[in-house]
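Chains as they are written, first to last, in the numbering used here: chain A, 2 to 173; chain X, 2 to 682.
All residues carry an ideal CB built from backbone N, CA and C; glycine is no exception.
Predicted model, so just to flag it, every value in this text is computed and none were measured.
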């Protein structure tokens with residue numbers, strides 16, 4: 002088997018392992034079921050506290066320098082609404098959408114995945130994919146430039162000594 | 002006294018200007034004496050700015066409340082140690098502090114190389130002088146720390162007023178770490194000026210070969226280490242002071258510090274490609290340029306208010322100056338590159354796709370992708386405001402989602418890189434070296450899964466952490482085993498010998514191990530818990546294995562603040578394990594309240610207790626408890642990272658080769674020391 006074929010096999014193995022891991026991660030039966038309280042807590046950390054004074058997630062509202070550093074009234078109101086909607090059985094997306102309707106898109110702690118805001122998500126992917134493609138091209142180009150030159154002659158006794166010293170660890 | 006400071010700053014400005022202008026004339030007219038005088042002027046900024054800093058610090062200690070900056074950031078009851086911190090508490094002082102650190106770096110760089118590199122140093126003098134000139138202009142004309150408090154009489158005459166007391170230092174800065182965190186961060190930012198000056202100087206002067214890389218490698222490592230420490234101390238400060246149970250919030254200013262760190266890390270790796278193989282010359286030059294530009298961009302973000310940030314204590318309209326400076330730097334860098342691009346041309350060749358070279362290439366690419374993702378997320382609200390007229394929020398969920406996969410891939414490369422040889426690695430060697438660390442990592446992942454870990458990223462992090470740790474240890478072990486077999490020394494002393502023979506390589510591995518520990522610590526976030534509850538004396542709160550019982554709520558006061566304190570007894574099962582005393586302090590001068598977190602930290606988890614104050618509804622004390630697993634590993638990882646960097650900075654000890662009598666006939670040219678790992682970074 003040539004190095005290239007071995008490399009392809011290795012790459013296939015790595016991709017297979019990665020796919021398996023992803024499947025394990027996202028397969029529904031293996032995902033831990035979240036309680037309504039856990040769901041509500043997770044949602045509290047995806048929306049901003051809209052009091053205008055803290056720039057924190059509602060679930061982490063913490064007014065530094067104020068007389069009380071727990072969640073302010075606005076954050077408490079938001080968290081209560083989240084809890085109510087979770088209890089009503091609404092989906093995460095629907096709950097977040099209701100907050101967007103009430104407060105506008107700034108209430109979300111990460112950009113929506115539509116319109117211009119979609120670019121927030123797309124650009125890192127485009128940058129990474131383009132970068133990997135360019136790096137691949139560069140590697141191929143540099144590889145192509147490589148010409149086989151005769152190796153300098155090494156005295157056999159030096160070579161034997163080096164091999165002995167290395168105990169075969171670096172025989173490649 | 003303040004006049005001395007102002008005068009020193011003005012003289013420093015003149016000295017920097019002279020260094021820049023005389024240096025340019027000296028280079029063009031080839032007059033060595035002029036170049037020497039330019040260099041001396043560049044070095045003279047250090048004692049002059051030091052005098053200005055000493056004057057300002059002295060004004061804090063002497064309670065000179067005729068200075069506006071002292072009034073704004075100090076008061077009579079402020080403890081002496083924090084009067085140092087007051088130096089960088091505001092815009093004017095922090096810019097002076099920046100200039101001072103810059104003058105220290107410039108002085109050391111120019112003094113250390115005063116008799117070396119005669120073709121390169123004149124350019125370095127000019128560049129360092131130009132950068133100092135910009136900051137000293139800000140210190141003198143835009144944000145002077147020596148502005149006086151005064152009144153204007155009805156007749157129009159100005160009178161200097163000396164106030165009785167000042168406003169005090171913001172309580173957020175009245176914390177021991179705040180005396181160390183900003184200096185470390187600023188040392189990191191300013192430290193990148195030196196490699197930038199050498200890189201640009203080498204390009205402008207078409208300095209032959211890879212010498213500038215050798216000269217600047219240590220400078221870059223020192224700057225990088227300071228920035229690393231600064232970032233970690235900032236995280237630790239946020240964790241212990243801000244009272245929200247976290248250490249990193251993806252705040253724009255935090256991101257600004259991370260950006261040059263990421264590109265600096267990329268440079269420290271790709272620089273080896275140029276040293277070993279003469280490859281990636283253009284890439285390296287631009288990495289240094291970008292790293293420096295990102296430090297300036299970070300300063301711009303910190304001070305301009307372009308993006309919303311909790312670090313709001315130093316914002317002003319000064320941003321436009323930094324925009325102009327950034328534009329000039331980019332123009333100079335691009336111009337220098339364009340005019341001298343043939344100097345950077347190199348015939349890059351790659352022997353094999355599976356080699357250390359290609360792993361460095363991908364490592365650089367992924368680091369750049371991470372930097373881009375952070376920069377893009379940080380600036381995206383500005384773009385939406387331009388294009389859509391309204392700002393959106395880009396917060397932790399976005400940064401986590403985008404950066405965690407990138408970071409995990411980088412962690413994977415941290416393990417792969419050292420196992421690949423320069424030029425070519427055979428598949429069989431790859432399999433042999435990878436098999437058991439990867440197998441052990443997967444086994445650890447399976448055990449964690451069986452024990453109930455269902456968080457995908459935490460599982461991946463564990464698998465990779467075990468994999469990388471084992472690859473690092475196997476590198477030490479294999480090398481030490483060879484040395485031990487040859488010298489007869491035991492394995493532990495062989496590890497020491499091996500490390501000292503190639504400090505850069507093995508120091509780098511220790512840094513990698515530090516990064517692994519930091520990753521493990523961060524992965525603990527997936528299992529954080531927190532509970533907030535109103536508690537009266539005798540009330541209980543359960544979190545994880547701990548039961549917290551409120552024993553007392555009392556008040557104390559000092560000259561600087563009044564404190565409300567909770568006494569919380571912590572039980573594990575039925576056993577009392579500790580007492581915690583979270584506080585809320587009301588600082589009388591600044592009229593601001595600050596939480597003082599009570600923290601019990603162990604390798605497994607942190608119990609983090611905040612006294613949130615009294616409930617606005619019924620005045621009952623509220624306690625917020627957090628259980629944060631593995632946080633301690635982050636700080637431990639930081640310590641290991643610093644130790645590794647220090648080790649890598651120590652020159653390698655050359656192995657002594659004594660040839661036996663029968664081998665003395667070997668020609669001198671063939672006497673190559675066969676040291677394990679020697680010269681192989």
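Cβ neighbours of residue i in the same chain (closer than 6 Å, five flanking residues each side left out)
i	result
residue 538 of chain X	551
residue 270 of chain X	361 and 364
residue 8 of chain X	none
residue 236 of chain X	248 and 249
residue 147 of chain X	3, 6 and 7
residue 87 of chain X	61, 74, 75 and 170
residue 55 of chain A	62 and 64
residue 228 of chain X	189 and 262
Rounded straight-line distance, which links the Cα of residue j to that of residue i
i	j	result
residue 399 of chain X	residue 379 of chain X	10 Å
residue 28 of chain A	residue 233 of chain X	At residue 28 of chain A the pLDDT is 48, less than 50, meaning the model places this residue with poor confidence; the figure from the coordinates comes in the next sentence. One C-alpha to the other measures close to 36 Å.
residue 63 of chain X	residue 51 of chain X	18 Å
residue 85 of chain A	residue 515 of chain X	44 Å
residue 267 of chain X	residue 369 of chain X	7 Å
residue 1 of chain X	residue 242 of chain X	Nothing about residue 1 of chain X can be reported from this structure: the residues present for chain X run from 2 to 682 only.
residue 405 of chain X	residue 639 of chain X	19 Å
residue 26 of chain A	residue 158 of chain A	Unreliable placement is indicated for residue 26 of chain A, whose pLDDT of 47 sits below 50; no coordinate value is reported for it.
residue 314 of chain X	residue 64 of chain A	For residue 314 of chain X, the predicted model reports a pLDDT of 47, less than 50, meaning its position is unreliable and no value from the coordinates is stated.
residue 618 of chain X	residue 61 of chain A	19 Å
residue 591 of chain X	residue 33 of chain X	55 Å
residue 488 of chain X	residue 106 of chain X	43 Å
residue 244 of chain X	residue 606 of chain X	17 Å
residue 21 of chain X	residue 653 of chain X	37 Å
residue 289 of chain X	residue 78 of chain A	49 Å
residue 24 of chain X	residue 159 of chain X	41 Å
residue 490 of chain X	residue 482 of chain X	10 Å
In DSSP terms, what residue i is bridged to
i	result
residue 161 of chain X	X:151
residue 724 of chain X	Lying outside 2 to 682, the shown extent of chain X, residue 724 of chain X is not represented and no answer is given.
residue 564 of chain X	X:557 and X:586
residue 608 of chain X	X:601 and X:628
residue 120 of chain X	Residue 120 of chain X is not bridged to any residue.
residue 48 of chain A	A:109
residue 580 of chain X	X:570
residue 595 of chain X	X:586
residue 532 of chain X	X:626
Own chain residues within Cβ distance below 8 Å of residue i, not counting five before or after
i	result
residue 583 of chain X	566, 567, 569, 596, 597, 598, 599, 610, 611, 612 and 624
residue 394 of chain X	382
residue 81 of chain X	62
residue 614 of chain X	565, 585, 594, 622 and 623
Own chain residues within Cβ distance below 7 Å of residue i, not counting five before or after
i	result
residue 386 of chain X	392
residue 376 of chain X	260
residue 322 of chain X	139 and 143
residue 181 of chain X	234
residue 461 of chain X	409
residue 114 of chain X	122
residue 445 of chain X	463, 464 and 467
Sub-7 Å separation of residue i and residue j beta-carbons
i	j	result
residue 60 of chain X	residue 150 of chain X	no
residue 224 of chain X	residue 192 of chain X	yes
residue 39 of chain X	residue 109 of chain X	no
residue 547 of chain X	residue 644 of chain X	no
residue 388 of chain X	residue 69 of chain A	no
residue 580 of chain X	residue 601 of chain X	no
residue 204 of chain X	residue 41 of chain X	no
residue 124 of chain X	residue 43 of chain X	no
residue 100 of chain X	residue 137 of chain X	yes
Hey, which unbroken runs of the alpha helix (DSSP H) at 4 residues or more fall wholly within the stretch 456-528 of chain X?
-> 457-488, 492-502 and 504-524
| query | What residue ranges within the stretch 362-442 of chain X form continuous alpha helix (DSSP H) runs of no fewer than 4 residues, ordered along the chain? | reply | Those alpha helix (DSSP H) runs which fall completely within the stretch 362-442 of chain X and span 4+ residues are 397-417.
#### Entry: Within the stretch 85-166 of chain A, ranges of the alpha helix (DSSP H) (whole runs, at least 4 residues)
93-104 and 119-146
ask   = Of all the beta strand (DSSP E) runs that stay within the bounds of the stretch 163-202 of chain X, which reach a length of 3 or more residues?
value = none
Any residues in the stretch 389-410 of chain X with a beta carbon nearer than 8 Å to a beta carbon of chain B? Which ones, in chain order?
Considering every chain present, this structure includes no chain B. Its protein chains are A and X.
Which runs of the alpha helix (DSSP H), 4 residues or longer, sit entirely within the stretch 64-147 of chain X?
69-74, 81-86, 92-113 and 122-138
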